[in-house]
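Student: Could you have a look at this structure, given as structure tokens, before my questions?
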């Protein structure tokens, strides 16, 4: 939003001031991801907040790219939408080449990290943290890239608040067991972590989606709404109906 | 001067490399040098588009499948060219640029008629100046877009019309006669692939001409709206049926 | 507000294009070998981003580069150095000599003088005369050849230790027994491992894993490497200078 204000100075001169007051629709909450036996799994809720306002409650933050990759984004919503169009243009270009090659998760991640690093170097970053995951040629891939162009790879990843709250839970459940975990176990870990995040992160929603990438392809679930219980809050001062 | 005249209907390249430009559109392609102007056809049917070209193998040393004459312009747009392969490639590149430019501007998959109108304007511009020669290709371009299956021919003059069935290149006369017999609006893409293969085999003059390869692609429900090569099995089946149909025809 | 402007100040999010990703690197030169090592933890603030992000890279059969600081800059810098070395190979049909790589790195760093790569580089390897060498750089390219250097988060812990153990600072030599100029490889490897276990104990940004690269001069025996568990050769020719890597676990807390 750009605000233009007219200021009257003491000498009567009118000064026009342009305030670049930026308000963002933010995909502030976390994206979680882990590796399991047959591939990777990623989860993100469906909220885009506007400051502390829960502005859009049904936004998809997990996006398939090609047939073996999924990306999950947190951060600025418009920047993410721009990234989506970039990737769409890229995949069309690759498709029309007609050479029977497709970009896999490693290539998508490399491309994104170049874009993100180039933009940070122009001091005009794309304000996002993005997880890229997928399976291609029997190899599973999971990596992170953010607004600074920082990249890394691990068997469990999380952005935002999830890096503090969910990542320790994910590491405990996954590290060293990447090749044993079944899809069902992985899903259970994800749901549990998302639940904990919802209880602790004020800017989150109990409505989320889970993406799974296996050799067979990408599936993104319909929104899942988790059962939560807030009965315990009754006894806590500062919650509920008590006035004192 | 290699270039003659401004009223252009088509161009030919003779063996000497001399460039000919004439304004007769009907006879245009039949006199062109032997191997560049092979037949290409397009069928617009109930649920999709089928493109097929007769690709002459001018050397036994060529890798099978090399020198493709069908290109993708966008996920949902395919084009087949007859004429100079290099000009066809150039138009393919231009078409891809136009399609991606449309995407950037309007954030939606380009409808075929927009790509066709842009591409035909480009082709037409090459008939206007003495410093350039027109494109030596007839293009069949097809898509399944928001309005369903679409099929166009773009001539070297820049003329573009929409069709139910399209044929360009050397065997187009016979091909058109055959296409006219088909009930295109009731036909499925799968059936159209069989028919397209049959027609290409039919128009190919075995006695006079060198070996050829059949190249086919389709767009429709079966490909999820994508422009893709016809799958191996179906291709083989269509080729098989085309050959046996040819025997009964003789 | 009386002047008609907005109560909240125009708020533009300040963007800091840099970050610090922890970790430590070091290199020690021997008479006819060079050892370059780094831990594999990458962190930001108190968070461990990953337990395995290499900071040490083989450039040629005789040069290894360790990069520490802002990881995004580091990775980009290594990528560009490698690219320049490839171009050199295409132009001259040989690998660039170590001292030339060192000068190249200075030029590349200084080219970014006013928007620097926030990276400390240590280059190790074998010179054309067959001697082991270490070059260390600051982020804008000033560099020197040394016998040993530590950099990164635990530089202040490791460098004094190396000064003592490699340069024998604050150690008095026994009569008629002067300090050696160069240590044998096995001693150097022990010092490297001790440096990192020590840094892991006392610095929160160091740990998880250790990668030690060893470059041996042409014709030198593998003495000092035999019996080292998990040592792996990266060069294939068997002639010329040779590069080995040794991987170790470090504490993960």
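Protein chains in written order, with the working numbering: chain A, 4 to 247; chain B, 71 to 320; chain C, 4 to 256.
In this text, a Cβ means the ideal position worked out from N, Cα and C, and glycines have one as well.
For residue 248 of chain B, report the span of its alpha helix (DSSP H) as first-last.
Tutor: Residue 248 of chain B sits at position 178 when you count from the first residue of the second chain. 242-250 is the extent of the alpha helix (DSSP H) around residue 248 of chain B.
Student: Report yes or no: is there a C-beta of chain B within less than 8 Å of the C-beta of residue 249 of chain A?
Tutor: Residue 249 of chain A cannot be examined here, being either before or after the span of chain A that is shown, 4 to 247.
Student: For residue 125 of chain B, which residues does DSSP report across the bridge?
Tutor: On the second chain, residue 125 of chain B is found 55 positions in, with the first residue counted as 1. Answer by DSSP bridge pairing, in chain order: B:283.
Student: Name the DSSP bridge partner or partners of residue 139 of chain C?
Tutor: The residue you call residue 139 of chain C lines up with position 136 of the third chain. Residue 139 of chain C is bridged to C:125 and C:147.
Student: Can you name the residues of chain B whose CB is closer than 9 Å to the CB of residue 92 of chain A?
Tutor: If you number the first chain from 1, residue 92 of chain A lands on position 89. Result: 170, 173 and 174.
Student: Roughly how many whole angstroms lie between the Cα atoms of residue 71 of chain A and residue 111 of chain A?
Tutor: Looking up residue 71 of chain A in the first chain gives position 68. Looking up residue 111 of chain A in the first chain gives position 108. In a straight line, the C-alpha of residue 71 of chain A is about 10 Å away from that of residue 111 of chain A.
Student: Residues of the region 32-60 of chain C in Cβ contact with chain A at a cutoff of 8 Å, in chain order, please.
Tutor: Within the region 32-60 of chain C, the qualifying residues are 45, 47, 50, 52, 53, 54, 55 and 56.
Student: Please check if any C-beta of chain A sits within less than 8 Å of the C-beta of residue 167 of chain B.
Tutor: As a working mapping, residue 167 of chain B is identified with position 97 in the second chain. Chain A contact via Cβ: absent.
Student: Over what stretch of residues does the beta strand (DSSP E) that includes residue 324 of chain B continue unbroken?
Tutor: Because chain B is modelled from 71 through 320, residue 324 of chain B falls outside the range shown and cannot be assessed.
Student: Which whole-angstrom value is the C-beta distance of residue 175 of chain C and residue 205 of chain C, which I expect to be below 8 Å?
Tutor: In the third chain, residue 175 of chain C corresponds to position 172, counting from 1. In the third chain, residue 205 of chain C corresponds to position 202, counting from 1. Contact flag wrong, Cβ pair sits at about 27 Å.
Student: Thinking just about the alpha-carbon of each residue, which of C:179, C:217 and C:153 is nearest to the one in residue 35 of chain C?
Tutor: For the purposes of this step, residue 35 of chain C is taken as the residue at position 32 of the third chain. Selected option, being the one with the closest Cα: C:217.
Student: When the cut-off is 8 Å and only beta carbons count, does residue 111 of chain A lie next to chain B?
Tutor: Working through the first chain from its first residue, we reach residue 111 of chain A at position 108. Judged by the 8 Å Cβ criterion, residue 111 of chain A is not in contact with chain B.
Student: In whole angstroms, what separates the C-alpha of residue 50 of chain C from that of residue 196 of chain A?
Tutor: Along the third chain, read from residue 1 onward, the residue named residue 50 of chain C stands at position 47. Along the first chain, read from residue 1 onward, the residue named residue 196 of chain A stands at position 193. Looking at the two C-alpha atoms, the distance is approximately 18 Å.
Student: State the Cα-Cα distance for the pair residue 212 of chain B and residue 273 of chain B, rounded to the nearest angstrom.
Tutor: In the second chain, residue 212 of chain B corresponds to position 142, counting from 1. In the second chain, residue 273 of chain B corresponds to position 203, counting from 1. In a straight line, the C-alpha of residue 212 of chain B is about 21 Å away from that of residue 273 of chain B.
Student: Taking contact to mean at least 3 C-beta pairs separated by less than 8 Å, is the region 33-40 of chain A in contact with the region 69-88 of chain A?
Tutor: A contact exists between the region 33-40 of chain A and the region 69-88 of chain A.
Student: Does chain C have any CB closer than 8 Å to the CB of residue 14 of chain A?
Tutor: Walking along the first chain from the start, residue 14 of chain A turns up at place 11. With a pLDDT of 47 at residue 14 of chain A, under the threshold of 50, the predicted position of this residue should be treated as unreliable, though the coordinate-derived value follows. Not closer than 8 Å to any Cβ of chain C, the Cβ of residue 14 of chain A fails to qualify, so no.
Student: Could you tell me the distance, in whole angstroms, from the CA atom of residue 131 of chain C to the CA atom of residue 100 of chain C?
Tutor: Within the third chain, the letter at position 128 stands for residue 131 of chain C. Within the third chain, the letter at position 97 stands for residue 100 of chain C. Going from the Cα of residue 131 of chain C to the Cα of residue 100 of chain C covers about 7 Å.
Student: Check residue 83 of chain A in the structure and name its three-state DSSP category.
Tutor: Counting from 1 along the first chain, the entry for residue 83 of chain A is found at position 80. Three-state result, residue 83 of chain A: helix.
Student: Here's the rule: buried if 16 or more other CB atoms are within 10 angstroms of the residue's CB, otherwise exposed. What is residue 27 of chain C?
Tutor: In the third chain, counting from the first residue as 1, residue 27 of chain C sits at position 24. Buried, by the Cβ-count rule.
Student: For a test of the three-state rule: what should DSSP assign to residue 222 of chain B, helix, strand or coil?
Tutor: By one-based count along the second chain, residue 222 of chain B stands at place 152. Strand, per DSSP.
Student: If we ignore side chains and look at the alpha-carbon of each, how far apart do residue 154 of chain C and residue 147 of chain B end up?
Tutor: Translated into positions along the third chain, residue 154 of chain C becomes position 151. Translated into positions along the second chain, residue 147 of chain B becomes position 77. Distance between the alpha carbons of residue 154 of chain C and residue 147 of chain B is about 56 Å.
Student: So with CB distances below 9 Å, who are the chain C contacts of residue 156 of chain A?
Tutor: As a first step, residue 156 of chain A must be located in the first chain, where it is residue number 153. By Cβ distance, chain C contributes 53, 55 and 56.
Student: Give the residues from the region 212-225 of chain B that approach chain A closer than 7 Å (Cβ to any Cβ), ordered along the chain.
Tutor: Under the 7 Å Cβ criterion, the region 212-225 of chain B contributes no residue.
Student: For residue 18 of chain C, does the count of other Cβ atoms within 10 angstroms reach 16, so buried, or fall short, so exposed?
Tutor: Translated into the one-based positions of the third chain, residue 18 of chain C becomes position 15. Classification of residue 18 of chain C: exposed, given that the 10 Å Cβ count is below 16.
Student: Does the separation of the CB atoms of residue 127 of chain B and residue 282 of chain B fall below 8 Å?
Tutor: Counted from its first residue, the second chain places residue 127 of chain B at position 57. Counted from its first residue, the second chain places residue 282 of chain B at position 212. Contact: yes.
Student: For residue 246 of chain B, collect the residues of the same chain with a Cβ closer than 8 Å to its Cβ; drop the 5 residues on either side in sequence, then sort them by chain order.
Tutor: If you number the second chain from 1, residue 246 of chain B lands on position 176. Closer than 8 Å at Cβ, skipping near neighbours: 235 and 237.
Student: DSSP state of residue 179 of chain B, grouped into three classes?
Tutor: In the second chain, residue 179 of chain B corresponds to position 109, counting from 1. Residue state, collapsed to three classes: coil.
Student: Determine, using beta carbons only, whether residue 199 of chain A and residue 172 of chain A come nearer to each other than 8 Å.
Tutor: Residue 199 of chain A sits at position 196 when you count from the first residue of the first chain. Residue 172 of chain A sits at position 169 when you count from the first residue of the first chain. In contact: residue 199 of chain A and residue 172 of chain A (Cβ atoms closer than 8 Å).
Student: With a threshold of 8 Å between beta-carbons, can residue 153 of chain A be considered close to chain B, or not?
Tutor: Along the first chain, one-based indexing puts residue 153 of chain A at 150. Judged by the 8 Å Cβ criterion, residue 153 of chain A is not in contact with chain B.
Student: In the DSSP assignment, what residue or residues form a beta bridge with residue 90 of chain C?
Tutor: Taking the third chain and counting its residues from 1, the one referred to as residue 90 of chain C is at position 87. Answer is none; residue 90 of chain C lacks a bridge partner.
Student: Which of the three DSSP states is assigned to residue 153 of chain C in this structure?
Tutor: Looking up residue 153 of chain C in the third chain gives position 150. Looking at residue 153 of chain C - three-state DSSP - the assignment turns out to be strand.
Student: Just to make sure I have the definition right: I need the residues of chain A whose C-beta is within less than 7 Å of the C-beta of residue 79 of chain C. Which are they?
Tutor: The residue you call residue 79 of chain C lines up with position 76 of the third chain. Per Cβ cutoff of 7 Å: 120.
Student: Between A:43, A:29 and A:235, which lies nearest to residue 136 of chain A when the distance is taken from Cα to Cα?
Tutor: On the first chain, position 133 is the one that residue 136 of chain A refers to. Looking at the Cα atoms, A:43 is the closest of the given residues.
Student: Let me make sure I understand the geometry here. Which of B:118, B:231 and B:291 has the alpha-carbon closest to that of residue 186 of chain B?
Tutor: The count along the second chain starts at 1 and reaches residue 186 of chain B at position 116. When each option's Cα is compared against that of residue 186 of chain B, the closest is B:231.
Student: In the DSSP assignment, find the unbroken alpha helix (DSSP H) run with residue 113 of chain B in it and report its ends.
Tutor: In the second chain, the residue the question calls residue 113 of chain B occupies position 43. Element bounds for residue 113 of chain B: not the alpha helix (DSSP H) but the beta strand (DSSP E), 110-115.
Student: Does the count of Cβ pairs from the region 293-311 of chain B and the region 114-131 of chain C closer than 8 Å reach three?
Tutor: No, they do not touch.
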